[in-house]
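Protein chains: 2
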Amino acid sequence: MYKIGELAAACKVKPDTLRFYEKNGLLHPANRSDKGYRIYSDDDAQQLRFILRAKAMGFSLSDIRELLNIEASRSDWACADVKGMVEAKVQELQTKIDEMTRLRDSLQELADACCGGPESAIHCSILDTLETK
Amino acid sequence: MYKIGELAAACKVKPDTLRFYEKNGLLHPANRSDKGYRIYSDDDAQQLRFILRAKAMGFSLSDIRELLNIEASRSDWACADVKGMVEAKVQELQTKIDEMTRLRDSLQELADACCGGPESAIHCSILDTLETK
DNA sequence: TTTGACCTTTGACCTAACTCCAAGGTTTAT
DNA sequence: ATAAACCTTGGAGTTAGGTCAAAGGTCAAA
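So the protein lines, in turn, are chains A and B.
Quick note on full-length UniProt numbering: the first sequence kicks off at 1 and runs consecutively.
Quick note on full-length UniProt numbering: the second sequence kicks off at 1 and runs consecutively.
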C-alpha cells in the first residue's frame with residue numbers, strides 16, 4: 001500500500017500527475033485512509049506502469065483509457081480489436097511521419113539552394129522563394 | 001487597399017486570424033480608415049502570403065517573426081544566418097521524425113506478434129507486453 | 001429607411017497533458 | 001511540542017495557433 005507521493009516517486013512521476021489520471025478516469029486508488037489520503041494497492045501500481053508504458057509507446061491518454069477497458073475484461077474482446085487499435089496508431093504515426101518528411105525535404109531543398117556564405121542576404125534565395133513562390 | 005475580410009478571403013484565412021497575427025506582431029495593416037477599419041496595402045498582402053508560405057513550410061509563428069525581421073532589413077544579415085535557421089528547422093524535423101519512426105516500429109512489432117484473430121483477448125500478446133514488459 | 005453584411009474590441013474557449021498555487025489538515029521526526 | 005514534510009481540494013496557468021461570442025458601430029443596396 002502506497003501513499004500518493006510514494007507511488008509517484010516509485011514511478012518517477014509527480015503526485016499531481018496521479019491526481020490528474022484519477023480525474024481523467026485512468027487510475028483510481030484502491031481506497032482512502034480514514035483521513036482521506038489516497039491509498040494505492042500493488043494492482044494500482046501495476047496499472048500505473050501499464051499506463052506509463054503505453055504512453056511511452058505513443059498512445060494518448062484516451063487511447064489508454066480504451067486499452068484499460070479492454071484489459072479490465074479481456075474476455076469480452078477479440079485479439080483483432082486490440083491489434084486494430086495498434087495498427088490504427090501505426091497508420092496515424094505513418095501519416096505524420098510522411099508529412100514531416102515532406103516538410104523536411106522542402107526545407108532541405110531550400111537550404112541546398114542557398115550559398116550560405118557571409119554575404120549580405122539581399123539576394124538570399126531562401127527569402128526570395130518565400131516571398132514569391 | 002483591402003478591408004480585413006477582403007484580404008482574408010483572398011488568402012483563404014479568417015479575419016480573426018489576421019487580427020491574431022497583428023496582436024502577435026506578424027502583420028500590421030498599413031493604416032486605418034477614419035472609422036477605425038483596418039486597411040491593408042499590397043505590401044501587407046504580400047507579407048501575409050510570405051507568412052502563409054513559411055507556415056506551410058513548417059515554420060512556427062515565432063520563427064516567422066524572425067524571418068520577417070530579416071526580410072525587413074536584408075542587408076543587415078548574411079545568407080548564412082538564413083540558411084542556419086532553415087537547417088536548424090530541418091534538424092528539428094529530423095529529430096521528431098526519428099522519434100516517431102522508433103515509436104512506429106515498436107508498435108508495428110507489437111502488432112506483428114499478435115494473432116489478430118477473432119479469439120478472445122485473454123492471451124493477447126499486445127496486452128501482455130504492455131502489462132509486464 | 002431598414003435590413004443584412006461588414007467592421008470594431010474584449011475576452012473566453014479549444015486540445016493535451018500536465019503543473020502549480022493557495023489554504024488548510026495530518027503525520028513524522030527531533 | 002513544534003517544525004518539516006506530507007496530504008487534501010479547487011481552480012488557474014502553461015504552449016500553439018487560432019476560433020468564437022457578445023455588444024455595438026458602419027456601410028451599401030433595395
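Yeah, the Cβ is synthetic: ideal placement off N, Cα and C, and Gly gets one too.
Worksheet item: Comparing the C-beta of LEU12 of chain B with each C-beta of chain A, is any distance below 9 Å?
Response: Residue identity differs from the one stated: residue 12 of chain B is Lys in this sequence, not Leu. With 9 Å as the cut-off, LYS12 of chain B does not count as an interface residue toward chain A.
Practice prompt. Note down, in chain order, all residues in the stretch 103 to 116 of chain A with a beta-carbon under 8 Å from any beta-carbon belonging to chain B.
Written response: Look at the stretch 103 to 116 of chain A: the residues with a C-beta under 8 Å from a C-beta of chain B are LEU103, ARG104, SER106, LEU107, GLN108, LEU110, ALA111, CYS114, CYS115 and GLY116.
Discussion item. I'd like to know if ASP63 of chain A contacts chain B, where contact means its C-beta is closer than 9 Å to some C-beta of that chain.
Written reply: Using beta-carbon distances, ASP63 of chain A does not count as an interface residue toward chain B, since no partner is under 9 Å.
Worksheet entry | Residues sharing a beta bridge with ARG38 of chain B, DSSP | The partner list for ARG38 of chain B (beta bridge, DSSP) reads B:ARG32.
Worksheet item: Got a sec: which bits of the stretch 83 to 94 of chain B sit with their beta carbon under 7 Å from any beta carbon on chain A, in order along the chain?
Response: Taking 7 Å as the Cβ-Cβ cut-off, the stretch 83 to 94 of chain B approaches chain A at LYS83, VAL86, GLU87, LYS89, VAL90, LEU93 and GLN94, given in chain order.
Worksheet item: So what does DSSP say about ALA78 of chain A, is it helix, strand or coil?
Response: Of the three classes helix, strand and coil, the one that applies to ALA78 of chain A here is strand, per DSSP.
Discussion item. Pairs of beta-carbons, one from the stretch 96 to 112 of chain A and one from the stretch 93 to 100 of chain B, closer than 8 Å: are there three or more?
Written reply: Taking a contact to require three or more Cβ pairs closer than 8 Å, the stretch 96 to 112 of chain A and the stretch 93 to 100 of chain B qualify as touching.
Worksheet entry | Cβ-Cβ separation, VAL86 of chain B to LEU127 of chain A (assumed contact under 8 Å), whole Å | With a beta-carbon spacing of about 10 Å, LEU127 of chain A and VAL86 of chain B fall beyond the 8 Å limit used to define contacts.
Practice prompt. Could you give the DSSP three-state label for SER60 of chain B: helix, strand or coil?
Written response: In this structure, DSSP gives SER60 of chain B a state outside helix and strand, which the three-state scheme calls coil.
Practice prompt. Look at LEU67 of chain B and CYS11 of chain B and say whether their C-beta atoms are less than 9 Å apart.
Written response: No.
Practice prompt. Take ARG32 of chain B and list the residues in its own chain whose beta-carbon comes closer than 7 Å to its own, dropping the five residues that flank it on each side.
Written response: Excluding positions up to five away in sequence, the list reads ARG38 and ILE39.
Fill in: Helix, strand or coil at SER106 of chain A [DSSP, three-state]
The three-state reading of DSSP puts SER106 of chain A in helix, counting H, G and I together.
Fill in: Boundaries (first-last residue) of the alpha helix (DSSP H) holding ILE122 of chain B
Per DSSP, ILE122 of chain B belongs to no alpha helix (DSSP H) and is neither H nor E.
Worksheet item: Of the residues B:ARG104, B:ALA72 and B:THR132, which one's Cα is nearest the Cα of ASP44 of chain B?
Response: With respect to the C-alpha of ASP44 of chain B, the residue from B:ARG104, B:ALA72 and B:THR132 having the closest C-alpha is B:ALA72.
Item to complete: Could you tell me if ALA9 of chain A is buried or exposed, where buried requires 16 or more neighbouring beta carbons within 10 angstroms of its beta carbon?
Response: Looking at its Cβ environment, which holds fewer than 16 other Cβ atoms inside 10 Å, ALA9 of chain A is exposed.
Practice prompt. Compare the C-beta of CYS33 of chain A with all C-beta atoms of chain B and state if any pair is closer than 9 Å.
Written response: Here the sequence assigns Ser to residue 33 of chain A, which means Cys is not the residue at that position. Not an interface residue.
Discussion item. Please tell me whether GLU71 of chain B has its Cβ less than 9 Å away from any Cβ of chain A.
Written reply: Using a CB distance cut-off of 9 Å, GLU71 of chain B counts as an interface residue toward chain A.
Fill in: Whole-Å CB distance - GLY5 of chain A paired with LEU107 of chain B, under 8 Å assumed
About 33 Å separates the two Cβ atoms, so there is no contact after all.
Item to complete: Tell me whether ALA56 of chain A is buried or exposed, calling it buried when 16 or more other Cβ atoms sit within 10 Å of its Cβ.
Response: Taking all protein chains in view, the Cβ of ALA56 of chain A is surrounded by fewer than 16 other Cβ atoms within 10 Å, so the residue is classified as exposed.
Discussion item. Need the endpoints of the alpha helix (DSSP H) that ALA113 of chain B sits in, please.
Written reply: Element bounds for ALA113 of chain B: n/a, residue is neither H nor E.
Worksheet item: Less than 8 Å between the CB of MET100 of chain A and some heavy atom of the ligand ADP, yes or no?
Response: In the structure shown, the ligand ADP is absent, as is every other ligand, since no ligand is present at all.
Worksheet item: In terms of alpha-carbon separation, which member of B:LEU61, B:ASP34 and B:ASP42 lies closest to GLU22 of chain B?
Response: Just measuring C-alpha positions, the residue of B:LEU61, B:ASP34 and B:ASP42 sitting nearest GLU22 of chain B is B:LEU61.
Worksheet item: Which bits of chain A does THR17 of chain B rub up against, with CB to CB less than 7 Å?
Response: Ordered by position in chain A, no residue passes the 7 Å Cβ test against THR17 of chain B, which lies about 19 Å from the chain.
Discussion item. Does ILE64 of chain A pass the burial test, meaning 16 or more other C-beta atoms within 10 Å, or should it be called exposed?
Written reply: Of the residues assessed, ILE64 of chain A falls on the buried side of the cut-off, its CB having 16 or more other CB atoms within 10 angstroms.
Worksheet item: Count the other CB atoms within 10 Å of the CB of residue 136 of chain A; is the residue buried (16 or more) or exposed (fewer)?
Response: Past the boundaries of the shown model lies residue 136 of chain A; chain A is included only from 1 to 133, so the question cannot be answered.
Item to complete: Assuming LEU18 of chain B contacts GLN47 of chain B (C-beta within less than 8 Å), just tell me the rounded distance between them.
Response: Going by Cβ atoms, the distance from LEU18 of chain B to GLN47 of chain B rounds to 11 Å, so no, they are not a contact pair.
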